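So the protein lines, in turn, are chains E and Z.
The numbering of the first sequence is the working numbering, which starts it at 2 and goes up by one.
The numbering of the second sequence is the working numbering, which starts it at 3 and goes up by one.
Report on one structure; see the data block that follows.
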Amino acid sequence: MDKAAKIIIIDDDSDYRFTMETFLNRNGFETLTAEKGQEGLDLIEKERPDLILLDVMMQSTYSGLEICKQLRSNPELKDIPIIGISGMSNELGVRLDKWGEDEYFKVDEYYEKPVDREKLLERIKVRLAKGVSRLKPKWNYS
Amino acid sequence: MTVSQERRPIENSENRPDKKWTIGDLSYRYILDLLPCCISIQSPSLHILFSNKRFEKDFGDGIGRLCHEVYKRANEKCESCPVEKTFEDKKVHTSEETVRLSTGEMAQMVVYSTPILDALGNVTAVIELSSDITVIKETEKGVKSLGQSMAMVSHEIKNILEGLHGGAYVVDTGIKEDDLALARKGWKIVKKNITEISNMTQNILYSAKKDVLKNQLVLPKEIVDRAVGLLLDKASAMDIELEIQTNPALPSVSLDPSSISRMLTNLIWNAIEACSNDGESKLHTVVVRAEFYDKTHFMFEVEDNGVGMDDATLNKIFEEFFTTKGGSGTGLGLSVVDKIVKAHEGRLEVLSAPGKGSTFRVIFEIR
Chain E
2 MDKAAKIIII DDDSDYRFTM ETFLNRNGFE TLTAEKGQEG LDLIEKERPD
52 LILLDVMMQS TYSGLEICKQ LRSNPELKDI PIIGISGMSN ELGVRLDKWG
102 EDEYFKVDEY YEKPVDREKL LERIKVRLAK GVSRLKPKWN YS
Chain Z
3 MTVSQERRPI ENSENRPDKK WTIGDLSYRY ILDLLPCCIS IQSPSLHILF
53 SNKRFEKDFG DGIGRLCHEV YKRANEKCES CPVEKTFEDK KVHTSEETVR
103 LSTGEMAQMV VYSTPILDAL GNVTAVIELS SDITVIKETE KGVKSLGQSM
153 AMVSHEIKNI LEGLHGGAYV VDTGIKEDDL ALARKGWKIV KKNITEISNM
203 TQNILYSAKK DVLKNQLVLP KEIVDRAVGL LLDKASAMDI ELEIQTNPAL
253 PSVSLDPSSI SRMLTNLIWN AIEACSNDGE SKLHTVVVRA EFYDKTHFMF
303 EVEDNGVGMD DATLNKIFEE FFTTKGGSGT GLGLSVVDKI VKAHEGRLEV
353 LSAPGKGSTF RVIFEIR
């Protein structure tokens with residue numbers, strides 16, 4: 002049997018980490034979580050996940066965008082797909098789509114909370130299929 | 003007192019109903035004095051050569067004095083003086099200025115300057131016309147703040163929805179898998195978000211409503227017990243101890259119990275979050291007190307040993323929509339506290355140090 006694809010969830014909201022982890026586990030993924038930026042970077046370095054689900058507006062010193070910057074400038078980690086999740090929204094003047102244009106802050110795609118879980122699942126499958134993942138998820142995708 | 007002839011209309015038309023009205027009946031000085039805006043004529047050195055009645059009413063006698071001295075009681079001229087620009091290019095200029103009226107009040111004015119030219123086309127003097135737009139500016143601020151509040155609120159609702167969706171998914175999964183513990187965990191998340199949304203709704207209502215207090219005699223201890231009771235679940239979910247210290251000798255006092263309960267809820271809510279945001283792994287405690295302040299006053303106190311605040315943060319905490327909570331929080335909590343304290347003619351004191359914690363003290367007269 003193929004090994005499950007590994008997703009790291011980085012978010013400072015513990016409820017979100019738990020509910021998203023439950024959701025992804027039930028859909029056949031192996032998950033690991035981190036609350037803070039540095040903890041997330043260390044975990045990524047150690048675990049080499051297939052995809053990262055990243056809160057881009059965290060309060061901690063290493064904000065989500067800082068993590069993006071560090072990952073994208075690291076030749077070994079730069080190809081891991083990152084899906085940005087944000088609690089912030091455009092009406093507050095936060096333009097993630099603009100930040101996405103910056104080469105350092107380039108998440109592969111991003112979604113706002115509340116996350117449409119079915120759509121997210123679909124996008125994760127697409128990203129993993131396109132991505133550099135060496136591992137296959139439990140389920141089959143064509 | 004004599005009234006100068008030139009300031010009066012030549013004839014009162016009411017006495018002569020048959021007479022056709024013409025502007026020639028009025029002196030220009032009289033017309034200028036009637037206008038509901040400030041008019042002055044200024045020299046190249048910005049000295050006031052002439053002013054109308056409204057100007058004198060708002061700023062006193064300015065003749066012979068410098069414009070900025072009269073308008074702003076300032077020694078330096080304004081940064082982008084429209085009068086000076088008109089002297090330079092003979093064009094009409096405009097600016098918005100904050101001025102000080104002779105009553106001491108501040109006002110926002112829109113200022114226009116227009117040149118007076120001599121036969122050779124040189125600017126000999128400049129007319130300055132200013133209108134008070136304080137009310138318009140306040141309305142503008144209100145509209146802006148409404149927009150901002152809608153954004154903050156919709157943002158916060160999205161976060162709560164995320165919690166509700168996620169929690170409900172976990173409850174469903176627990177039920178489907180016959181895992182009661184998992185369902186309970188999901189239910190706890192759902193309940194937490196229900197508390198969040200009801201707290202937010204209360205704060206929106208309080209920040210919008212006029213200060214109508216329904217005072218009644220009540221024991222401070224009862225309000226403390228009620229507010230703490232509401233937040234016990236939130237605190238225990240974050241491993242934070244909530245402690246009550248109330249002096250049994252405190253008498254009943256006249257307060258609006260629902261407002262004061264809201265005020266304490268917001269202070270305790272913030273204290274809990276200040277503890278939960280503190281990276282240090284120590285025992286976090288929030289102490290809520292009701293105690294005598296002096297012989298005629300008593301106080302509520304909410305003390306935490308959480309993250310604390312620096313001076314820059316302290317200066318901004320009572321501003322509406324200011325929040326240190328990043329992705330969560332509407333920034334309404336403390337502005338609602340401030341509003342309730344003021345409505346009760348109370349006093350609010352804050353003591354805080356980064357890494358040590360914060361104490362919010364509210365002092366009221368015993369009556």
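In this text, a Cβ means the ideal position worked out from N, Cα and C, and glycines have one as well.
Quick caveat, the model's predicted, so the values are computed rather than measured.
Residue i versus the options, residue with shortest Cα-Cα distance
| i | options | result |
| --- | --- | --- |
| E198 of chain Z | Z:N272, Z:S45, Z:L353 | Z:N272 |
| V108 of chain E | E:G29, E:E40, E:I86, E:Y17 | E:I86 |
| Q39 of chain E | E:P82, E:K70, E:A6 | E:K70 |
| G357 of chain Z | Z:R369, Z:S278, Z:V339, Z:D296 | Z:S278 |
| S97 of chain Z | Z:L28, Z:E303, Z:G123, Z:C83 | Z:C83 |
| L37 of chain Z | Z:S45, Z:S47, Z:I159, Z:S53 | Z:S53 |
| N161 of chain Z | Z:E90, Z:N195, Z:L34 | Z:N195 |
| R228 of chain Z | Z:G348, Z:E245, Z:V214 | Z:E245 |
| S283 of chain Z | Z:M301, Z:K297, Z:I242, Z:K87 | Z:I242 |
| R67 of chain Z | Z:V304, Z:D35, Z:Q44, Z:V85 | Z:Q44 |
| L163 of chain Z | E:L122, E:K120, E:P115, E:L129 | E:P115 |
| K344 of chain Z | Z:S354, Z:Q204, Z:V364, Z:R291 | Z:V364 |
| K37 of chain E | E:K120, E:D13, E:G88 | E:D13 |
Beta-carbon spacing of residue i, residue j below 8 angstroms
| i | j | result |
| --- | --- | --- |
| H346 of chain Z | L257 of chain Z | yes |
| G335 of chain Z | M21 of chain E | no |
| V366 of chain Z | H299 of chain Z | The amino acid at residue 366 of chain Z is misidentified as Val; the sequence shows Phe. A contact, by the Cβ cut-off of 8 angstroms. |
| R102 of chain Z | M111 of chain Z | no |
| L72 of chain E | L78 of chain E | yes |
| G165 of chain Z | D16 of chain E | yes |
| K92 of chain Z | L48 of chain Z | no |
| N307 of chain Z | G359 of chain Z | yes |
| K7 of chain E | E31 of chain E | yes |
| S29 of chain Z | G62 of chain Z | no |
| E1 of chain Z | S115 of chain Z | Because residue 1 of chain Z is not part of the residues shown, which for chain Z are 3 to 369, the question remains open. |
| F302 of chain Z | L252 of chain Z | no |
| V145 of chain Z | V85 of chain Z | no |
| I270 of chain Z | I342 of chain Z | no |
| N317 of chain Z | N268 of chain Z | no |
Limits of the alpha helix (DSSP H) - the one that residue i falls within
| i | result |
| --- | --- |
| Y30 of chain Z | 30 to 36 |
| R118 of chain E | 118 to 131 |
| R56 of chain Z | 55 to 61 |
| P294 of chain Z | Contrary to the premise, residue 294 of chain Z reads as Phe rather than Pro in this sequence. Where F294 of chain Z is concerned, there is no enclosing alpha helix (DSSP H), although the beta strand (DSSP E) it sits in stretches over 286 to 294. |
| A251 of chain Z | It is not in any alpha helix (DSSP H) - A251 of chain Z carries neither H nor E in the DSSP assignment. |
| C69 of chain E | 65 to 73 |
| T32 of chain E | No alpha helix (DSSP H) contains T32 of chain E, which is instead part of the beta strand (DSSP E) from 31 to 35. |
Boundaries (first-last residue) of the beta strand (DSSP E) holding residue i
| i | result |
| --- | --- |
| Y112 of chain E | 110 to 113 |
| A355 of chain Z | 349 to 355 |
| V220 of chain Z | 218 to 220 |
| T326 of chain Z | Per DSSP, T326 of chain Z belongs to no beta strand (DSSP E) and is neither H nor E. |
| G85 of chain E | 83 to 87 |
| K1 of chain E | Residue 1 of chain E is absent from the structure shown; chain E starts at 2 and stops at 143. |
| V128 of chain Z | 125 to 134 |
Beta bridge counterpart(s) of residue i as assigned by DSSP
| i | result |
| --- | --- |
| S97 of chain Z | Z:V113 |
| T20 of chain E | DSSP, once it has assigned bridges, lists no residue as partnering T20 of chain E. |
| H299 of chain Z | Z:E367 |
| H49 of chain Z | Z:L68 |
Interface flag, residue i vs chain A, CB-CB below 8 angstroms
| i | result |
| --- | --- |
| E164 of chain Z | The structure shown contains no chain A; its protein chains are E and Z. |
Q. Below 8 angstroms, can you find three or more Cβ-Cβ pairs linking the region 202 to 213 of chain Z to the region 174 to 186 of chain Z?
A. No: fewer than three Cβ pairs fall under 8 angstroms.
Q) Would you call the region 217 to 235 of chain Z and the region 257 to 270 of chain Z touching, i.e. three or more CB-CB distances under 8 angstroms? A) Proximity of the region 217 to 235 of chain Z to the region 257 to 270 of chain Z meets the contact definition, three or more beta-carbon pairs being nearer than 8 angstroms.
Q: Specify whether the region 304 to 312 of chain Z and the region 133 to 153 of chain Z touch according to this definition: at least 3 beta carbon pairs, one from each stretch, less than 8 angstroms apart.
A: Too few Cβ pairs lie closer than 8 angstroms, so no.
Q. Between the region 135 to 154 of chain Z and the region 68 to 78 of chain Z, do three or more beta carbon pairs fall short of 8 angstroms?
A. Contact fails between the region 135 to 154 of chain Z and the region 68 to 78 of chain Z, because fewer than three Cβ pairs, one in each stretch, are under 8 angstroms apart.
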